[in-house]
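A.B. asks: First to last, the sequence lines map onto chains A and B.
Residues 25 to 354 (the working numbering) are what the first sequence spells out, left to right.
Residues 3 to 128 (the working numbering) are what the second sequence spells out, left to right.
Okay, handing you the structure first.
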Amino acid sequence: MSTAVAEGKTWEGGNEPLKVSYGKMMMWFFIVSDALTFSGFLAAYGFSRFKFIDAWPIADEVFTHFPFLHGVDAPMYYVAFMTFILIISSVTMVLAVDAGHHLNKSKVTIYMFLTIVFGLIFVGSQAWEWNTFIKGDYGAVQTKGGNILQFGHYVDKDGEQVFKRVAVRDFAVSAAHQERAQHESRNGIWFASEGALPAYTMDEVIHGFQANKDVLIRTQIINEHGEKTVLSREESINQLMKNGKLYVEGANLHVNEYGSPLFADFFFFITGFHGFHVFSGVIINIIIFFNVVLGTYERRGSYEMVEKVGLYWHFVDLVWVFVFTFFYLV
Amino acid sequence: MAQEHKLEIFRGLWKFKSNIQKIWGVLLFLSIVTTIEVVLGIIKPEWSMAHVLGMKILNWIFIILTIVKAYYITWDFMHMRDETSGLRRAVVWTAIFLILYLTFILLQEGGYVFEVYDNGYIKRDF
Numbered sequence: 025m026s027t028a029v030a031e032g033k034t035w036e037g038g039n040e041p042l043k044v045s046y047g048k049m050m051m052w053f054f055i056v057s058d059a060l061t062f063s064g065f066l067a068a069y070g071f072s073r074f075k076f077i078d079a080w081p082i083a084d085e086v087f088t089h090f091p092f093l094h095g096v097d098a099p100m101y102y103v104a105f106m107t108f109i110l111i112i113s114s115v116t117m118v119l120a121v122d123a124g125h126h127l128n129k130s131k132v133t134i135y136m137f138l139t140i141v142f143g144l145i146f147v148g149s150q151a152w153e154w155n156t157f158i159k160g161d162y163g164a165v166q167t168k169g170g171n172i173l174q175f176g177h178y179v180d181k182d183g184e185q186v187f188k189r190v191a192v193r194d195f196a197v198s199a200a201h202q203e204r205a206q207h208e209s210r211n212g213i214w215f216a217s218e219g220a221l222p223a224y225t226m227d228e229v230i231h232g233f234q235a236n237k238d239v240l241i242r243t244q245i246i247n248e249h250g251e252k253t254v255l256s257r258e259e260s261i262n263q264l265m266k267n268g269k270l271y272v273e274g275a276n277l278h279v280n281e282y283g284s285p286l287f288a289d290f291f292f293f294i295t296g297f298h299g300f301h302v303f304s305g306v307i308i309n310i311i312i313f314f315n316v317v318l319g320t321y322e323r324r325g326s327y328e329m330v331e332k333v334g335l336y337w338h339f340v341d342l343v344w345v346f347v348f349t350f351f352y353l354v
Numbered sequence: 003m004a005q006e007h008k009l010e011i012f013r014g015l016w017k018f019k020s021n022i023q024k025i026w027g028v029l030l031f032l033s034i035v036t037t038i039e040v041v042l043g044i045i046k047p048e049w050s051m052a053h054v055l056g057m058k059i060l061n062w063i064f065i066i067l068t069i070v071k072a073y074y075i076t077w078d079f080m081h082m083r084d085e086t087s088g089l090r091r092a093v094v095w096t097a098i099f100l101i102l103y104l105t106f107i108l109l110q111e112g113g114y115v116f117e118v119y120d121n122g123y124i125k126r127d128f
């Protein structure tokens, strides 16, 4: 073989050392960069968590709800269900890819459809999860320093003293309720307004707290048993009177009744960014689904497009596996 | 255009007859791993609360199981097992190297900031 021939083969194109098409390879490289983006977010979450390692909210106590089961303490079951839904959708996706390899149009159609349905169930579940998190549960008091004081009392359970949370709305005194109208721009100076007023003033919380002798305060600090510290009655009153500043219920980007506001910020940002990926994944899947139905890939003689969106869809599942671990388990 | 698939997982311990069977097998495996994670997370066994290398044993188990799941999603659902070693290394090692680096730096610094807070704003008293 002359050098010219060898050079032509090696350096002037036509060689496929990785044995994948351009589109598939670029999808892989996109996935690498997106994986690094998510890692950046999760590592930032890790940074903040390590910074407040002794005061971070305990996920089991934050995500305790299950749809249609009110008042039942079901930590993590719903997220486990969501994880399972996403894994199932990954399976239907890979079955669609496999059917595509066999040029089986009807099977690709069915499996793509199922993947879209499971994807929508997942996005819906996430919306429900957000809604529950935003609405909140027991309510808490934020201190001047931005810490959270939660309320509860000891109850007898099988001969053991167990700390049980009490909702602020159950003890706060509304008799002394003084309605202060929220200032809206439409009934005053048009350019001046204020944010929503908390449901209870500090006075009402304090009065209610003094009237209920068994209620105690639980701080953010995690003790050596891995539980949040419960203060004595005197300390509780002292903390509430001296440092209590604002009644908060639920979570948003500013306040968070479950603990550090950073937890809520990262929760909204990371699960939101992931949810956005799932949502765009569903949209792309729908487009591909219609292309399959219309026979575009049938005519092309190759279902590689299904394989490419499949890679993206599996990646979304892959990210969720990590989000699940770092937000809910660890 | 039927492609070649490698049909065994666990280093040949579990062989499948077809690609579809392998998919269901991997689903079964992933479901079992997820169930173990959730059960451990709810029970929180006493022995797993001990600290090893700065973290609870339970958390280490969670992280290792997560990586195991990630491996099977990538290798079998995304067919990384069937790609050339060149593509596999370009994708996997690049990501792993950069992620390990980033995580190490940020967690290390986060721990440092915590200690500064914890020790009354003194980290090193010469």
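We put the CB at the ideal spot given by N, CA and C, even for glycine.
From a predicted model like this one, the values you see are computed outputs, not experimental measurements.
If we define contact as Cβ-Cβ less than 8 angstroms, is I101(B) a contact residue for chain A?
C.D. replies: Your numbering for residue 101(B) matches position 99 in the second sequence. Taking Cβ atoms only, chain A reaches closer than 8 angstroms to I101(B), which makes this a yes.
A.B. asks: Tell me the start and end of each unbroken alpha helix (DSSP H) in the region 301-325 of chain A that is at least 4 residues and wholly inside, in chain order.
C.D. replies: Within the region 301-325 of chain A, the complete alpha helix (DSSP H) runs of at least 4 residues are 320-324.
A.B. asks: Compare the C-alpha of F348(A) against each of L89(B), T96(B) and L67(B) and name the closest.
C.D. replies: Along the first sequence, one-based indexing puts residue 348(A) at 324. It is L67(B) whose Cα lies nearest to the Cα of F348(A).
A.B. asks: Given a limit of 9 angstroms on CB to CB distance, which residues of the region 32-66 of chain B reach chain A?
C.D. replies: Those residues of the region 32-66 of chain B that come within reach of chain A (Cβ to Cβ, closer than 9 angstroms) are L32, S33, T36, T37, E39, V40, L42, G43, I44, K46, M51, M57, K58, L60, N61, F64 and I65.
A.B. asks: Report buried or exposed for G92(A), applying the criterion of at least 16 other Cβ atoms within 10 angstroms of its Cβ.
C.D. replies: Counted from its first residue, the first sequence places residue 92(A) at position 68. Reading off the sequence, residue 92(A) comes out as Phe, not Gly. Burial call: exposed.
A.B. asks: Buried or exposed: S46(B), going by 16 or more other Cβ atoms within 10 Å of its Cβ?
C.D. replies: In the second sequence, residue 46(B) corresponds to position 44, counting from 1. It should be noted that the sequence gives Lys, not Ser, for residue 46(B). By the 10 Å Cβ count, K46(B) comes out exposed.
A.B. asks: Would DSSP call Q174(A) helix, strand or coil?
C.D. replies: On the first sequence, residue 174(A) is found 150 positions in, with the first residue counted as 1. Three-state result, Q174(A): strand.
A.B. asks: Taking a Cβ distance cut-off of 8 angstroms, strictly less, list which residues of the region 68-84 of chain A are near chain B, in chain order.
C.D. replies: If the cut-off is 8 angstroms between Cβ atoms, the region 68-84 of chain A has A68, G70, F71, S72, R73, F74, K75, F76, I77, D78 and D84 near chain B.
A.B. asks: Measure from the C-beta of N21(B) to each C-beta in chain A and report whether the shortest distance is under 8 angstroms.
C.D. replies: The residue given as residue 21(B) occupies position 19 in the second sequence. Closer than 8 angstroms to some Cβ of chain A, the Cβ of N21(B) qualifies, so yes.
A.B. asks: Below 7 angstroms on C-beta distance, what does I312(A) contact in chain B?
C.D. replies: Indexing the first sequence from 1 puts residue 312(A) at position 288. By Cβ distance, chain B contributes nothing, its closest Cβ being about 17 angstroms from I312(A), past 7 angstroms.
A.B. asks: Whole angstroms is fine: what's the gap from F233(A)'s alpha carbon to A275(A)'s?
C.D. replies: Sequence index remark: in the first sequence, residue 233(A) carries index 209 (1-based). Sequence index remark: in the first sequence, residue 275(A) carries index 251 (1-based). Going by the C-alpha atoms only, they are around 22 angstroms apart.
A.B. asks: Within the chosen definition, does the region 282-300 of chain A reach the region 41-56 of chain B through at least 3 CB pairs nearer than 8 angstroms?
C.D. replies: In short, these stretches do not touch, since the Cβ pair count stays below three.
A.B. asks: Please classify H81(B) as buried or exposed, where buried requires at least 16 other C-beta atoms within 10 Å of its C-beta.
C.D. replies: By 1-based counting over the second sequence, the position of residue 81(B) is 79. Answer is buried; the Cβ neighbour count reaches 16.
A.B. asks: Go through the region 50-111 of chain A residue by residue and report every complete run of the alpha helix (DSSP H) that reaches 4 residues or more, in order.
C.D. replies: If we require 4 residues or more, the alpha helix (DSSP H) runs fully inside the region 50-111 of chain A come out as 83-86.
A.B. asks: Just to confirm the assignment, what range does the alpha helix (DSSP H) spanning Y74(B) have?
C.D. replies: As a position in the second sequence, residue 74(B) is number 72, starting the count at 1. That run of the alpha helix (DSSP H) goes I59 to Y74.
A.B. asks: Unbroken beta strand (DSSP E) runs of length 3 or more, entirely within the region 83-111 of chain B: which are they?
C.D. replies: Counting only runs of 3 or more, we get nothing.
A.B. asks: Tell me whether L318(A) is buried or exposed, calling it buried when 16 or more other Cβ atoms sit within 10 Å of its Cβ.
C.D. replies: Within the first sequence, numbered from 1, the residue matching residue 318(A) stands at position 294. Flag for L318(A) reads exposed.
A.B. asks: What residues of chain A sit near K71(B), judged by a beta carbon separation below 8 angstroms?
C.D. replies: Position 69 of the second sequence, counting from 1, holds the residue named residue 71(B). The contacting residues are V345.
A.B. asks: Pull up the distance between the alpha-carbon of V35(B) and that of V354(A), whole angstroms please.
C.D. replies: Working through the second sequence from its first residue, we reach residue 35(B) at position 33. Working through the first sequence from its first residue, we reach residue 354(A) at position 330. Whole-angstrom Cα-Cα distance: 15 angstroms.
A.B. asks: Starting from the Cα of G148(A), find the closest Cα among T253(A), M106(A) and M51(A) and give me that residue.
C.D. replies: Residue 148(A) sits at position 124 when you count from the first residue of the first sequence. Selected option, being the one with the closest Cα: M106(A).
A.B. asks: Residues in the same chain with beta-carbon distance under 8 angstroms from F313(A), minus the five sequence neighbours each way, listed in chain order, please.
C.D. replies: Here residue 313(A) refers to the residue found at position 289 of the first sequence. Taken in chain order, the residues that qualify are T133, M136, F137 and I140.
A.B. asks: Is the separation between the beta-carbon of R242(A) and that of F187(A) shorter than 8 angstroms?
C.D. replies: Counted from its first residue, the first sequence places residue 242(A) at position 218. Counted from its first residue, the first sequence places residue 187(A) at position 163. Yes, Cβ-Cβ distance for R242(A) and F187(A) is below 8 angstroms.
A.B. asks: Reducing DSSP to helix, strand and coil, say where R126(B) ends up.
C.D. replies: The residue given as residue 126(B) occupies position 124 in the second sequence. Coil at R126(B), not helix or strand.
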